[in-house]
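Here our numbering is used: the first residue of the sequence shown is 11, the next is one more, and so on.
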Amino acid sequence: MTDRIALVLGLCLTALIAADILLNGSSALLFLLRKFADMVEYLAFWR
């Protein structure tokens with residue numbers, strides 16, 4: 011991955027997170043983080 015692609019992806023993620031916080035009260039971000047935590051717990055069970 012080139013530096014340019016990494017920078018664009020980082021800026022897109024930052025913009026999406028900022029938009030979620032400003033427009034949605036970060037409910038989508040919290041939902042995704044909770045689902046990610048559930049997935050990590052599920053994967054830890056199978057380890």
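Backbone N, C-alpha and C define an ideal beta-carbon position, used for all residues, glycine too.
Boundaries of the alpha helix (DSSP H) in which residue i is found, first to last residue
i   : result
T24 : D13 to N34
R44 : S37 to W56
Residues of its chain near residue i, where Cβ-Cβ distance is below 6 Å and the 5 sequence neighbours each way are ignored
i   : result
A38 : D30
Pick from the options that is closest to residue i, judged by C-alpha positions
i   : options               : result
L40 : V18, I27, F55 and E51 : I27
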